[in-house]
Amino acid sequence: MATGARPALGLSIGVTNLAAVAADHSITRKPVLTLYRQRPPEVGVPSENPRLDEPGLVITDFVDRVGDSVGIVAADGSVYRSEALVADALLALAYTATGGRALPGSVTVTYPAHWGPAAVAALDSALRRASEWSHGTSSTAQPLSLLPDAAAALYAIRADPGIPARGIVAVCDFGGSGTGITLVDAADEYRPVAATVRHQAFSGDLIDQSLLSYVMSELPGTGAFDPAGTSAIGSLTKLRIECRKAKERLSSSTVTTLTDALGGDIRLTRNELEDTIRDSLDSVGRALEQTLARSGIRTAELVAIVSVGGGANIPAVTTTLSGRFCVPVVRTPRPQLTAAFGGALWAARRPGDTSATVLTAVTSATATAPADAPASVLQPALAWSEADEDSHIGPAPGYTAARPSLSFDHDAHAEPEPKSPPIPWYRLPAVIITGTTVAVLLVGAAVAIGLSTGDQPTAPGTPQRPGVTTTAAPPPSPAPASDGPTTEPAPPVQAPATGGPAPPLQQPLPPPPTTTNTQPAVTTDVITPAPTTPASAPPATTQPPATTQPPATTSPSPPPIPPIPPIPEIPQLPPGIPQVPGIGQFSAISGS
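First residue of the sequence shown? That's 6 in this note's numbering, and the numbers climb one at a time after it.
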């Protein structure tokens, strides 16, 4: 036995056949279970199982009812659960495969890929009730494994003859009750890209029925055989069996003969069989195209088709699919045993946790859904078609994985240290400086707007800020030389008092009574500005005290513009400015 191999057993569940593959041989049985009171049950029919030498309770049609809450009623009125019958049939098949000896410690059971979680869980529970599989036969025995038949078939096909390692691969299982279509991504460890699709328009049973109808149409038109009569039921059953055998023979030969109900021979060719199944076979191609479209996969992305099941033996299946999709159709010499062979290879190669060939498979019968099954199905193993009696279905020496393990430099690099959080924009120095500059510009603009509002004359008797009125002396210096009124220099007098733009006057107000009393100090301000011009000019530079506000730049955020105190409204000036008493006499004296 090759290094790393172990005694293993692969069991396959099918509606038409149950299969078992041991170290050096394989067997198939019909899913027919015979129960005895004083001995273990037997599986199969008398023509294939010589141990069926005494009558018992025969139960059929239980495989496709696994997980059904309604039990199967036997001929004696007893009721049995379908999954319990399947477990008994597999146990009897396993002992038949080992010749009655103790079962190997590593066993894999493959189930139809289209089964739902409830059916898989029910089968798991029933198998665990068997002491041979719940405890094993040795301390190193692995627990029983459950595997979808599509995954097991891929495992066997990868071992021999091989399939592409990139692209989409379609697994088509041509069974007795229907065709299962499973799409897997080879580049992603052969993981399924969608749930298995069940296509029931093409199956082994339908092929047998179509061939039976064709043969009956070719029978001679005599009155000796009436298909509608009740006496012909037994003859039709025998003829149907003959049609199934003829179908199987035509897979390897081009012509065969079968015996009809009248005892004569009917010649049947492969071309006649292909003509009979052409329409239903074309429906498989359409179903595969629809499955690809529903999964968002272009037909050009399909790189291979894996054909398994008993129907894959028909040559027309291979030629039709290959011609329709222009891809290779891969199958084993005995496609009806491909799933069982894959299960045996899986059981033989299943390593411990420290092995280099450990796979991500369901290591026990606790799978809850077909999607949980080992999607990565699939390291190469010894070609099952070349295994001899001494191989014990062991792996080829040196095989460790489907592809070499790859490692990348960037995987080993430590992750970069996290960068410090960025400084908020409102705390950046540039933002603070810009905010300060904007504040200064706003203050300067306010001052400029205040200076530009000198078009409105103001009353000379506004004594609100006498200290500030002296700063307006430079502008009115040419006033004595003008012949008109000397009220034009008044606007600069009001400008320094405004820290911002003056609010618009809502309505003219009557002059206050105090404006009529002109104090001598006011007349002095208007007449004697020229001598004081040099002295009063420098204080004009002290007007922008608002520019001293930027000390707020030390704060983390731009300082808000200080509120401008309300400016007292300027009373409406009268139409004419009253003359100062005695000003005319003063002018006459000075003129003389």
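Virtual Cβ for every residue (Gly too), placed ideally from N, Cα, C.
Reduced DSSP category for residue i - H, G, I as helix; E, B as strand; rest coil
{"i": "Tyr116", "result": "strand"}
{"i": "Ser300", "result": "coil"}
{"i": "Ala309", "result": "strand"}
{"i": "Val332", "result": "coil"}
{"i": "Ser256", "result": "coil"}
{"i": "Arg163", "result": "helix"}
{"i": "Arg106", "result": "coil"}
{"i": "Thr337", "result": "coil"}
{"i": "Arg133", "result": "helix"}
{"i": "Leu286", "result": "helix"}
{"i": "Leu152", "result": "strand"}
{"i": "Leu447", "result": "helix"}
{"i": "Arg86", "result": "coil"}
{"i": "Ile246", "result": "helix"}
{"i": "Leu224", "result": "coil"}
{"i": "Ile271", "result": "strand"}
{"i": "Ser541", "result": "Its pLDDT being 41, under 50, Ser541 is placed unreliably in this model, and the value from its coordinates should be taken loosely. The answer is helix: DSSP assigns Ser541 an H, G or I state."}
Nearest-angstrom Cα separation, counted from residue j out to residue i
{"i": "Pro421", "j": "Ala191", "result": "The pLDDT assigned to Pro421 is 46, lower than 50, so where the model puts this residue is not dependable, and the model offers no usable value."}
{"i": "Ser327", "j": "Ala321", "result": "10 Å"}
{"i": "Val26", "j": "Pro45", "result": "21 Å"}
{"i": "Leu263", "j": "Ser222", "result": "14 Å"}
{"i": "Ala97", "j": "Ser136", "result": "13 Å"}
{"i": "Gln214", "j": "Ser182", "result": "12 Å"}
{"i": "Leu241", "j": "Arg254", "result": "20 Å"}
{"i": "Val335", "j": "Leu149", "result": "29 Å"}
{"i": "Pro60", "j": "Leu40", "result": "9 Å"}
{"i": "Asp66", "j": "Gly315", "result": "18 Å"}
{"i": "Cys248", "j": "Arg11", "result": "41 Å"}
{"i": "Arg106", "j": "Tyr100", "result": "7 Å"}
{"i": "Leu57", "j": "Val50", "result": "7 Å"}
{"i": "Leu244", "j": "Arg203", "result": "29 Å"}
{"i": "Thr281", "j": "Ser258", "result": "17 Å"}
{"i": "Thr439", "j": "Leu446", "result": "10 Å"}
{"i": "Leu14", "j": "Leu152", "result": "13 Å"}
{"i": "Thr3", "j": "Pro36", "result": "Since the first and last residues shown for the chain are 6 and 597, residue 3 lies out of range."}
{"i": "Ala126", "j": "Val220", "result": "43 Å"}
{"i": "Ser288", "j": "Pro109", "result": "42 Å"}
{"i": "Pro166", "j": "Pro338", "result": "10 Å"}
{"i": "Asn54", "j": "Arg283", "result": "35 Å"}
{"i": "Asp210", "j": "Ala28", "result": "31 Å"}
{"i": "Gly290", "j": "Ala305", "result": "14 Å"}
{"i": "Phe179", "j": "Val112", "result": "25 Å"}
{"i": "Val205", "j": "Leu293", "result": "Per the sequence shown, residue 205 should be read as Gln rather than Val. Their backbone Cα atoms lie some 13 Å apart in a straight line."}
{"i": "Pro252", "j": "Asp93", "result": "In the sequence as presented, Pro is not what sits at residue 252; that position holds Lys. Straight-line Cα distance between these residues: approximately 31 Å."}
{"i": "Phe330", "j": "Ile64", "result": "42 Å"}
{"i": "Arg34", "j": "Arg171", "result": "37 Å"}
{"i": "Val20", "j": "Ile77", "result": "16 Å"}
Option in the options with minimal Cα separation from residue i
{"i": "Ile310", "options": "Pro333, Val220 and Thr441", "result": "Pro333"}
{"i": "Val91", "options": "Ser208, Asp210 and Leu23", "result": "Leu23"}
{"i": "Arg196", "options": "Arg272, Thr187, Arg203 and Gly15", "result": "Thr187"}
{"i": "Leu342", "options": "Gly104, Thr324, Ala317 and Thr323", "result": "Ala317"}
{"i": "Gly185", "options": "Ala79, Arg171 and Asp154", "result": "Asp154"}
{"i": "Thr5", "options": "Leu286, Val260 and Leu293", "result": "Residue coverage of the chain in this structure runs from 6 to 597, which leaves residue 5 outside it and unanswerable."}
{"i": "Leu278", "options": "Val125, Ser256, Ile64 and Val313", "result": "Ser256"}
{"i": "Gly121", "options": "Ser139, Asp69, Ala94 and Ala157", "result": "Asp69"}
{"i": "Val313", "options": "Leu307, Arg171 and Ala345", "result": "Ala345"}
{"i": "Ser17", "options": "Ile437, Gly347 and Val443", "result": "Gly347"}
{"i": "Ala199", "options": "Gln205, Arg291 and Ile302", "result": "Ile302"}
{"i": "Asp270", "options": "Leu224, Lys252, Asp284 and Leu456", "result": "Leu224"}
{"i": "Gly104", "options": "Thr442, Thr324 and Ile32", "result": "Ile32"}
{"i": "Pro169", "options": "Val308, Val448 and Thr441", "result": "Val308"}
{"i": "Ile212", "options": "Leu38, Gly449, Asp81 and Leu286", "result": "Leu286"}
{"i": "Val114", "options": "Ala124, Leu95 and Ala450", "result": "Leu95"}
{"i": "Ala157", "options": "Asp193, Thr442, Tyr116 and Ala123", "result": "Tyr116"}
{"i": "His30", "options": "Ala102, Ile246, Val48 and Val189", "result": "Ala102"}
| query | Counting only runs that start and end within the segment 9-83, where is the beta strand (DSSP E) found for 3 or more residues in a row? | reply | 13-17, 23-26, 31-34, 38-40 and 62-64
| field | Uninterrupted beta strand (DSSP E) stretches inside the segment 165-212 (no shorter than 3 residues) | value | 173-179, 184-190 and 202-204
| If we count Cβ pairs, one from each stretch, closer than 8 Å, do we get three or more for the segment 67-74 versus the segment 86-106? | yes
| message | Closer than 8 Å is the cut-off here; do at least three beta carbon pairs connect the segment 37-44 with the segment 125-133? | response | no
| the segment 173-181 in contact with the segment 292-306 per 3-pair CB rule at 8 Å | yes
| query | On the three-pair Cβ rule with 8 Å, is the segment 152-161 touching the segment 347-354? | reply | yes
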